[in-house]
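Chain order of the listed sequences is A and B. So the first sequence is residues 60 to 185, counted in the numbering used here. So the second sequence is residues 173 to 505, counted in the numbering used here. All residues carry an ideal CB built from backbone N, CA and C; glycine is no exception. Note that the coordinates shown come from a computational prediction; the quantities given were computed from them, not determined experimentally. Input: a single structure, listed below in C-alpha cells.
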Amino acid sequence: MRDRPNSAELLEIARTRLMEELLPALPAENKYSALMIAAAMAIAMRELKNGGAAEMEEQFMLDELLGADVSGDASLLDLNRRFAAGLRAGEFESSKPNQDIVLRLLRHVTLSKLGESNPKYLAKAD
Amino acid sequence: MIEIDENQRLARFIAIQSGAEDVRIDRNDLLVGGAIQENRALDVDMVGGGEPGPLALVLRTEALSSVPESRPLDQQFAMLSAAHQAGVTVPEPLWYCDNSSVIGRPFYIMRRIAGEALGSRIVRNAPHDRLMQRLGEELAVIHTITPPRDDLVFLDLPRKGPAQDSIVKYRAYLDAEPEPHPALEWGLRWLELNAPITAEIVLAHHDFRTGNYMVDGETLTGILDWEFAGWSDPHEDIAWFCAKCWRFGSDFEAGGIADRDVFYDAYEAKSGRKIDRNVIPYWEVMAHLRWAVVALHQCARHRSGKEPSLDLALVGRRLAELEYEILVLTGVM
C-alpha cells in the first residue's frame, strides 16, 4: 500500500504553493506560464480524484448500445471506435432506444470531461 | 571574404524592391503572438526613392510547423493584396521574397499598423458598437471579392458545396487521429443531414474573429491573419465571428464585443445582402467543429514529441468545451 498523501493530494498542495508563493513573486512575463502550469496541475488533480467511475459508466452504456456480443472484452478505446464509426454511418438513427442511449452517452462523456478540464466553463454555462 | 549579415541582405532587398538609394535597418525584433506565423517588427530608414524617411514594417515568415489548411506565403501575399485592392482595412502588403537567399527562408513584408489584437483585452469594456459596425462593414467588403479571379487561381471552388466539402475534410482529419471522437462524429453527421444550400460563393476570410483584428483605442486599424482564406458561403465568416468559442468569456454574442444585431445590420447595410438568420446556427456548429479539428492538430504537435509545449497540450483539453457547444447547438444538451 502506498503512503499518503496520495497523488491528487500532492498535486493539490504543490499547486497551492505555486499559486500563493511563486505566482505573486514572478515577474509579469512569467505569470502566464505559471497559470498554465497551475491549470495543467488542476486538470490532473481532478482526474485523479474522480478515478475511473465516469469511464465505467461510459463502458456500461457502450455495452448497452453496441450489444454484449460486440463489446465482449473490448477496450473502451475499441468500443468508442465502434461508436464513432456507427455515428458516422447513421447506424443508431433508426431505433428510438438506441437514439436515447446515444444522447445519454454524448451528454455523459462530454459533461464528465468538461467537469475535469474546465468546471468553471460548465458553471458559467448553466 | 566579407561577411554580409542578414540585416544588410534585408536592407539590400528592400532597396531593390522599393527603388530607394539606400536602406538602413534600425530594428529587427521578433513579435510574439503568432502561433503559426513568425512576425518580425522592422524599423527602417529609407534614403531616396519614392518614400524617403522612416518606415515601420512587419516581416512575416512561416513558422516551422503549421496548421492544416494554412496557405503558403505566396498565396497569403496574393490574398492580402486582393483584400487591400478591394478596400479592406489591412496592413498594406509591400514585397514578397520567394527564396531563401535573404533570410534563409521565404517571407513577405507589409506595413506595420498600430494597435493591439489581444481578444481578452478588447472584450473587457464591451460593448463596442462603433467598432462592431466597422467590422461588419469590413466583412462586407471582404465578401465583395468573388470568383473567378486570375490572381487567386490557387483557391479551389467548392466541389459539392462549402459545407459538404468541409465535412469530408474534417472526417479525414479525424481518421488520421489516434483516438476516435464520438461527439465530433455526432456533430459532423448532424452537419451532413442539415446542410443548407449555398446561394453565393465569396472570399471567406475563415478566421475573422476577435483576436485577429487590430484596434488602436476604438479605431479599427487592420484585419489580420489571411492564411486560411478561401471560397465559401458568406454565412460561414459571420457565424465564425459570433461562435461562442471566440467570445473570450464575454456575454456579447458578436465576437464578445457587441450584440448580433449591431453586426448583422452593419453587414447588411454595406453588402446589400440579407443574412439568413436560420443558417447561422448551422455554421456555428461548423465553427466549433473546425476549431475542434484545429485543436486536435495543435495537440498532436505536442504529442508527437517534435514540439513539446504546455500550451499546445492544454489546447487538447479544450476539446470538451467545443464538444459541449456542439451538443448544445444540435439539441443534445
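6 angstroms Cβ shell around residue i - same chain, five flanking residues per side excluded
i	result
E117(A)	V168
V161(A)	F151
H377(B)	I314, A401 and D409
T318(B)	V374
L231(B)	R212, L214, F279 and I281
R141(A)	L125
Exposed unless 16 or more other CB atoms sit within 10 angstroms - verdict on residue i
i	result
K187(A)	In the structure as shown, chain A starts at 60 and stops at 185, and residue 187(A) therefore has no counterpart that could be examined.
N139(A)	buried
T261(B)	buried
E399(B)	buried
A298(B)	buried
T75(A)	exposed
E493(B)	buried
K172(A)	buried
Residue i versus residue j: straight-line alpha-carbon distance, rounded
i	j	result
D405(B)	F380(B)	14 angstroms
P330(B)	K108(A)	48 angstroms
L119(B)	H460(B)	Any question about residue 119(B) goes unanswered here, given that chain B covers just 173 to 505.
C471(B)	V487(B)	6 angstroms
K465(B)	Y385(B)	Just to set this straight, residue 465(B) is Val in the shown sequence, not Lys. Looking at the two C-alpha atoms, the distance is approximately 23 angstroms.
E71(A)	M104(A)	7 angstroms
V523(B)	E234(B)	Given that chain B is displayed from residue 173 to residue 505, the structure contains no residue 523(B) and the question cannot be resolved.
A187(B)	Y280(B)	14 angstroms
S272(B)	L290(B)	32 angstroms
P83(A)	L125(A)	52 angstroms
I285(B)	C414(B)	25 angstroms
L245(B)	D437(B)	34 angstroms
C269(B)	L85(A)	41 angstroms
R4(A)	D347(B)	Given a span of 60 to 185 for chain A in the structure shown, any question on residue 4(A) remains unanswerable.
M173(B)	N200(B)	For M173(B), the predicted model reports a pLDDT of 47, less than 50, meaning its position is unreliable and no value from the coordinates is stated.
Y496(B)	E309(B)	31 angstroms
M396(B)	P263(B)	What sits at residue 396(B) in the sequence shown is Leu, not Met. Each residue's alpha carbon lies about 8 angstroms from the other.
A143(A)	I452(B)	26 angstroms
R181(B)	I197(B)	10 angstroms
E106(A)	M100(A)	10 angstroms
S66(A)	E440(B)	56 angstroms
K179(A)	A98(A)	12 angstroms
K90(A)	L482(B)	14 angstroms
A355(B)	Q189(B)	51 angstroms
R473(B)	N450(B)	37 angstroms
F185(B)	E193(B)	12 angstroms
G149(A)	L365(B)	10 angstroms
F119(A)	L363(B)	28 angstroms
M60(A)	P156(A)	44 angstroms
R277(B)	S242(B)	17 angstroms
A371(B)	L252(B)	25 angstroms
R475(B)	R490(B)	15 angstroms
Residue i beta carbon near the ligand MN (any heavy atom closer than 7 angstroms)
i	result
P265(B)	As far as ligands go, the structure on display features none, and thus does not contain the ligand MN.
Neighbourhood of residue i by C-beta distance below 7 angstroms, restricted to the same chain and skipping five residues each side
i	result
S176(A)	I102
R343(B)	L360
L303(B)	V387, E390, L392 and I429
G174(A)	L181
D177(B)	none
E456(B)	A411, C414, A415 and L501
L81(A)	A93
Residues near residue i by beta carbon distance below 8 angstroms, same chain, minus five either side
i	result
A367(B)	G333, A335, Q336, I339 and Y454
Y345(B)	P240, V465, L468 and H469
Rounded distance between the beta-carbons of residue j and residue i, thought under 8 angstroms
i	j	result
A254(B)	L311(B)	That pair is no contact at about 15 angstroms.
V216(B)	L165(A)	Not really, about 55 angstroms apart at Cβ, beyond 8 angstroms.
Q247(B)	F326(B)	5 angstroms
- At a Cβ cut of 8 angstroms, what residues of the stretch 140-157 of chain A count as close to chain B, listed as they run along the chain? R140, F142, A143, A144, L146, R147 and G149
- Contact list for the stretch 386-417 of chain B against chain A, Cβ threshold 7 angstroms: none
- Could you please tell me which residues of the stretch 85-104 of chain A, in chain order, have their CB closer than 8 angstroms to any CB of chain E? The question asks about chain E, but that chain is absent: this structure's protein chains are A and B.
- Message: Please list, in chain order, the residues of the stretch 104-118 of chain A that have any C-beta partner in chain B closer than 8 angstroms.
- Response: none
- Residues of the stretch 471-495 of chain B with Cβ closer than 8 angstroms to any Cβ of chain A, in chain order: L482, D483, A485, L486, R489, R490, L491, A492, E493 and E495
- Check each residue of the stretch 353-366 of chain B: if its Cβ is closer than 9 angstroms to any Cβ of chain A, include it; give the result in chain order. H353, P354, A355, L356, E357, W358, L360, R361, E364 and L365
- Determine which residues of the stretch 331-348 of chain B have a Cβ less than 9 angstroms from any Cβ of chain A, and write them out in chain order. R343 and L346
- Message: Any C-beta of chain A within less than 8 angstroms: which residues of the stretch 295-318 of chain B qualify?
- Response: none
- Task: Could you list the residues in the stretch 61-72 of chain A with a C-beta less than 7 angstroms from some C-beta on chain B, going in chain order?
- Result: none
- Query: Can you list, in chain order, the residues of the stretch 162-174 of chain A whose Cβ is nearer than 8 angstroms to any Cβ on chain B?
  - Reply: L162, L164, L165, R166, V168, T169, L170, K172 and L173
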